[in-house]
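Note sheet for the following structure.
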Amino acid sequence: MRDLKELMRPAAAVLEPYDPAFAAVEVNLSSNENSFGVPPAVCDAMAHALAQTAANRYPDPLAPALRAELAAWHGIDPERIIVGNGGDEIIFNLFLAFGADGAKVVNCPPTFSIYRLYAELLGCAVADVPRDPKTFAIDEEALLAEAADARITVITTPNNPTGTLAPLALIERLCAATEGLVLVDEAYLEFADSPSSLALLGTLPNLVVLRTLSKAFAFAGGRIGYALAAPEIIDTFAAVRQPYSVNVFSQAAAAVAVRERAAYEGILRSIIEGRSWLAGELAKIEGVRVWPSSANFLLVRLPDAHSIWERLRDEHSILVRDFSQTPGLGDCLRITVGTPRENERVAVAIAELLGKDLP
Ligand SMILES: *Cc1c(COP(=O)(O)O)cnc(C)c1O
Numbered sequence: 001m002r003d004l005k006e007l008m009r010p011a012a013a014v015l016e017p018y019d020p021a022f023a024a025v026e027v028n029l030s031s032n033e034n035s036f037g038v039p040p041a042v043c044d045a046m047a048h049a050l051a052q053t054a055a056n057r058y059p060d061p062l063a064p065a066l067r068a069e070l071a072a073w074h075g076i077d078p079e080r081i082i083v084g085n086g087g088d089e090i091i092f093n094l095f096l097a098f099g100a101d102g103a104k105v106v107n108c109p110p111t112f113s114i115y116r117l118y119a120e121l122l123g124c125a126v127a128d129v130p131r132d133p134k135t136f137a138i139d140e141e142a143l144l145a146e147a148a149d150a151r152i153t154v155i156t157t158p159n160n161p162t163g164t165l166a167p168l169a170l171i172e173r174l175c176a177a178t179e180g181l182v183l184v185d186e187a188y189l190e191f192a193d194s195p196s197s198l199a200l201l202g203t204l205p206n207l208v209v210l211r212t213l214s215k216a217f218a219f220a221g222g223r224i225g226y227a228l229a230a231p232e233i234i235d236t237f238a239a240v241r242q243p244y245s246v247n248v249f250s251q252a253a254a255a256v257a258v259r260e261r262a263a264y265e266g267i268l269r270s271i272i273e274g275r276s277w278l279a280g281e282l283a284k285i286e287g288v289r290v291w292p293s294s295a296n297f298l299l300v301r302l303p304d305a306h307s308i309w310e311r312l313r314d315e316h317s318i319l320v321r322d323f324s325q326t327p328g329l330g331d332c333l334r335i336t337v338g339t340p341r342e343n344e345r346v347a348v349a350i351a352e353l354l355g356k357d358l359p
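At position 64 of the sequence shown (counting the first as 1) the number is 64 in this note's numbering, and the numbers step up by one without a gap.
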């Protein structure tokens, strides 16, 4: 047999398995999950729905019941919605369908690393339009110029890991300026005090909006994401996807979560309040820089971030995400906003590690 690497697709041979750096800790604020979990009343309704789900039958590929709930929520025709095994599958399938063979994908780093990973794996050529190193705002003119001949341009709003919003006016200009598709990743939109680009869907034929139940809906383990776009784009997703990627249990439970979405309102409010509380506490610590965030996490810069990250894990049993090795994010950590107790623990621990007590 030849060397395994020589047998591999070259774009895959250079990859390492994705490592979210999980560790068994008491306080996990590393993956932007919803620490509050699914509200108990919704859990009961989910349990009821799961008990009635037939596991001996293959799932309906298009998840019609869940799709109908999503359509009703967003006030959008079900033909404009496709459900995936997490937003990640949607991103993969977008590049699979539209991005192969050197096609140009435009990306605005620092941002979600999955875009570049999947784009390159599927043979796309990624062109970066870096964000402002101080504010993380998008360089709008540079982006419009770079996107003109791109196959796919990705905008994340709020952006992960910086928390930055992209103006709707930019998305409109971008869709008009490019010959390709525009993916607007709204994984964290429920935490933002700003409108969704879904309102533009009827007028912009090349807009693809991505949403997920992993963050606001506390359903990361259930793996449900979805795209909203023109029916022809949705048909393309339906054609390339693995037909049974979204299992019957996740479809059933997610339909309940979306139907009962009002039950999440208090949790969303707590996370948004927790975000301002935590940002305020961290900003009081000398040497800590906190960026404004519209998502359920905060990006912070502090001295010797990597060793603070290790000591949070090893001495305080708190896991956050270390971005200190990412270009443009030197000495940066990303901290998910958790429950009030978790927020207090991480604020106190960072103050202590930096040698000061909270005032
Ligand atoms: C979490 C996240 C997603 C989707 O996550 P899934 O769990 O796969 O639904 C998409 N985009 C961004 C920017 C995210 O942070």
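Note that beta-carbon positions come from the ideal geometry of N, C-alpha and C, so glycine has one too.
Computed from a predicted model, the values in this text were never measured in an experiment.
Any non-hydrogen atom of ligand 1 within 6 Å of residue i CB
i: SER214; result: yes
i: PHE112; result: yes
i: ASN34; result: no
i: ASN160; result: yes
i: GLY87; result: yes
i: GLY383; result: Any property of residue 383 remains undetermined from this structure, which presents the chain solely from 1 to 359.
i: THR326; result: no
Straight-line gap, residue i to residue j (C-alpha atoms, nearest Å)
i: ALA45; j: ALA255; result: 10 Å
i: ILE114; j: ILE76; result: 27 Å
i: SER317; j: VAL27; result: 6 Å
i: PRO133; j: ASP139; result: 10 Å
i: ALA230; j: ALA349; result: 48 Å
i: TYR264; j: GLU186; result: 18 Å
i: LEU302; j: ALA252; result: 43 Å
i: GLU286; j: VAL246; result: 47 Å
i: ALA150; j: ARG341; result: 45 Å
i: ILE234; j: LEU268; result: 29 Å
i: ALA72; j: LEU189; result: 18 Å
i: ALA238; j: ILE224; result: 15 Å
i: GLY266; j: MET1; result: 59 Å
Buried or exposed by the 16-neighbour rule on C-beta atoms within 10 Å, applied to residue i
i: TYR118; result: buried
i: GLN242; result: exposed
i: TYR18; result: exposed
i: VAL14; result: exposed
i: GLY102; result: exposed
i: HIS48; result: exposed
i: LYS104; result: buried
i: ASP322; result: buried
i: GLY222; result: buried
i: THR236; result: buried
i: ALA279; result: buried
i: GLU281; result: buried
i: GLU69; result: buried
i: PHE307; result: Reading off the sequence, residue 307 comes out as Ser, not Phe. Per the 10 Å Cβ criterion, exposed.
i: THR135; result: exposed
i: VAL240; result: exposed
Query - Touching by the beta-carbon criterion (3+ pairs, under 8 Å), the stretch 272-280 and the stretch 295-311 - result: yes
Query raised in the report: Is it true that the stretch 212-219 meets the stretch 78-89, where meeting means three or more beta-carbon pairs spaced less than 8 Å apart?
Result: yes
Query raised in the report: For the 8 Å Cβ check, are there 3 or more pairs between the stretch 165-182 and the stretch 198-206?
Result: yes
Query raised in the report: Which runs of the beta strand (DSSP E), 3 residues or longer, sit entirely within the stretch 12-92?
Result: 81-85
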